[in-house]
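What follows is one structure encoded as structure tokens, with my remarks underneath.
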Amino acid sequence: MAILVISALLATAFSLSVCAQVEASSLSFGTQVGEYNGVIGYSNYENSYASGEYNYKNDYNTGMKWQCVEYVNRYYYVIYGQKIRIPGTNADEYYDTASDRGLVAYPDGGTA
6 MAILVISALL
16 ATAFSLSVCA
26 QVEASSLSFG
36 TQVGEYNGVI
46 GYSNYENSYA
56 SGEYNYKNDY
66 NTGMKWQCVE
76 YVNRYYYVIY
86 GQKIRIPGTN
96 ADEYYDTASD
106 RGLVAYPDGG
116 TA
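The opening residue of the sequence shown carries number 6 in our numbering; numbering runs sequentially from there.
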């Protein structure tokens, strides 16, 4: 069972998203905006943009391109080999559904 370090990972995904928003006019959808542990983050163009396109890694659907939640799903799959995606859930639901994903949730300020 993997340990849920969702705060740091979502913060990374959010940071990649913010970087893309800072210069949104110059970053088209799918432009590489950064990487963490070799997992590349891509521009979603605008915060509210939903492409309707899905990303697959080895036939595993990691989610809608290039949402922050897709990045987290892809990260866990690439780094840990763990499939944590529950279709239709958003980032704010990951903590409460951690056990459904095979993860352990720790509160902010807690110890792992």
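Quick reminder that beta carbons are idealized off the backbone N, C-alpha and C, glycines included. No experiment lies behind these values; they were computed from the predicted model shown.
Secondary structure of residue i, DSSP reduced to three states
{"i": "ASN78", "result": "helix"}
{"i": "ILE89", "result": "coil"}
{"i": "ALA96", "result": "helix"}
CA nearest to the CA of residue i, picked from the options
{"i": "THR36", "options": "GLY107, GLN72 and THR102", "result": "GLN72"}
{"i": "TYR65", "options": "TYR81, GLY57, ALA55 and ASN52", "result": "TYR81"}
{"i": "ALA55", "options": "ASP97, TYR85 and VAL74", "result": "VAL74"}
{"i": "TYR47", "options": "ALA96, LEU32, ASP97 and PRO112", "result": "LEU32"}
{"i": "TYR59", "options": "TYR76, ALA96, ILE84 and GLY86", "result": "TYR76"}
{"i": "PRO92", "options": "GLY114, MET69 and PRO112", "result": "MET69"}
Bridge partners - residue i, DSSP secondary structure assignment
{"i": "ILE45", "result": "GLU40"}
{"i": "LYS62", "result": "TYR65"}
Cβ-based neighbour list, residue i, same chain, cut-off 6 Å, excluding 5 preceding and 5 following
{"i": "TYR50", "result": "PHE34"}
{"i": "ARG106", "result": "ILE89"}
Same chain only: Cβ atoms within 8 Å of residue i, ignoring 5 sequence neighbours per side
{"i": "ASN95", "result": "VAL74"}
{"i": "TYR61", "result": "THR67"}
Proximal residues to residue i (C-beta, below 7 Å), its chain only, five neighbours per side dropped
{"i": "ASN78", "result": "THR67, GLY68, ILE89 and ARG90"}
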